[in-house]
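One structure below.
Protein chains: 2
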Amino acid sequence: MVDILHRIGVETPTPEKVYDALTTVDGLAGWWTDDTTGSGDVGGILQFRFLPGGFDMEVVELRPSERVVWRVVDGPEEWIGTTVDWNLRQDGDYTIVLFTHRGWKEPVEFMHHCSTKWGSYLMSLKSLVETGAGAPSPRDVRISDWH
Amino acid sequence: MVDILHRIGVETPTPEKVYDALTTVDGLAGWWTDDTTGSGDVGGILQFRFLPGGFDMEVVELRPSERVVWRVVDGPEEWIGTTVDWNLRQDGDYTIVLFTHRGWKEPVEFMHHCSTKWGSYLMSLKSLVETGAGAPSPRDVRISDWH
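Residue numbers (our numbering), protein chains in the order written: chain B, 24 to 170; chain A, 24 to 170.
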């Protein structure tokens with residue numbers, strides 16, 4: 024099992040706005056993909072759609088302003104059964120986001136792509152909270168021929 | 024042991040410019056840090072310096088337009104002894120860059136930071152080759168309080 028790891032710091036006085044951006048459909052649509060539907064409550068399913076396809080995430084755990092855990096229940100084969108874990112803490116002027124997408128079976132080329140792409144979306148999340156505007160799909164940053 | 028993985032695609036007709044950006048001091052200064060010195064030849068040591076410190080890389084392997092391998096010989100304790108492995112291949116209009124920074128002892132918080140930061144520097148490399156201008160330190164993209 025191999026994991027994707029990331030860390031950003033969002034300049035904001037409390038983790039609340041970051042937490043909202045991870046747990047509400049409007050917030051998620053602001054940085055990941057315009058085409059976000061479903062429920063961000065525990066036990067809810069969030070549906071994220073992109074041009075080539077999408078992901079369905081079951082919301083497994085919510086600790087306000089501290090932690091959000093999703094399990095991938097539908098999407099690309101390599102993603103199904105993996106876990107996306109968001110941990111938040113306040114450190115002075117910054118909400119620190121520790122991100123892990125864990126449980127990949129093999130470090131395939133698609134995992135390399137997803138790691139870079141997650142980094143880019145985390146910068147979109149940071150921008151959303153700091154400036155009010157993220158870069159969700161389909162206005163996301165292109166990183167390769169795989170988008 | 025845990026690894027950082029990334030993948031970008033650089034829109035360019037052959038891998039030559041990407042290879043040059045990984046093996047010459049001028050090229051490396053164009054996307055990673057202005058303060059790059061040393062030798063990019065096999066057995067050479069490349070010195071990369073940033074505001075808080077830097078890295079010394081021994082050039083372990085060079086296969087023109089295919090592969091570049093560095094061993095970290097000085098820098099932050101967590102980096103020493105790790106390996107940075109660049110693999111290039113041409114895929115139509117894109118040079119595909121598969122990046123692995125392998126051999127971290129533990130997935131510490133600093134590793135999360137370095138993963139996101141590498142993703143950001145890979146976008147700087149892509150921009151350098153595609154547009155002629157990267158975003159090397161100290162003009163790099165700030166991702167957190169750790170820069």
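Each residue gets a CB set at the ideal place from its N, CA and C atoms; glycine is no exception.
- Secondary structure remark: continuous alpha helix (DSSP H) runs of at least 4 residues inside the segment 36-123 of chain A, in chain order: 39-46 and 48-52.
- With a 10 Å radius around the Cβ and a threshold of 16 neighbouring Cβ atoms, B:I31 comes out buried.
- Buried is the label assigned to A:A44, since at least 16 other Cβ atoms lie within 10 Å of its Cβ.
- Here the alpha carbon of B:V152 sits roughly 10 Å from the alpha carbon of B:M146.
- Within chain B, the residues whose beta carbon sits less than 8 Å from that of A:E132 are R30 and L121, listed in sequence order.
- With its beta carbon at least 8 Å from every one in chain A, B:T37 lies outside the interface.
- Contact of A:H124 with chain B is not assigned, every C-beta pair being separated by 8 Å or more.
- In this structure, B:D168 lies near A:Y117, with their beta-carbon atoms less than 8 Å apart.
- For B:R165, the closest alpha carbon among the candidates B:T139, B:K149 and B:S150 is that of B:T139.
- Not a single CB atom of chain B sits nearer than 8 Å to the CB of A:T60.
- A:V120 counts as buried, since at least 16 other C-beta atoms from the protein chains shown sit within 10 angstroms of its C-beta.
- When C-alpha distances from A:I27 are compared across A:R162, A:A158, A:D163 and A:P130, the shortest belongs to A:P130.
- When secondary structure is reduced to three states using DSSP, A:G32 falls in the strand class.
- A:D57 sits away from A:I68, with the two beta carbons spaced by 8 Å or more.
- Judged by DSSP in its simplified three-state form, B:G155 adopts coil rather than helix or strand.
- Sequence-distant partners of B:F133 (beyond 5 residues in either direction) whose C-beta falls short of 6 Å from its own C-beta, in its chain, are E101.
- Taking 8 Å as the cut-off, the beta carbon of B:V92 is found closer than this to the beta carbon of B:D108.
- It is roughly 7 Å from the alpha-carbon of A:H29 to the alpha-carbon of A:T123.
- Residue burial annotation: B:P87 is exposed, with fewer than 16 other C-beta atoms found within 10 angstroms of its C-beta.
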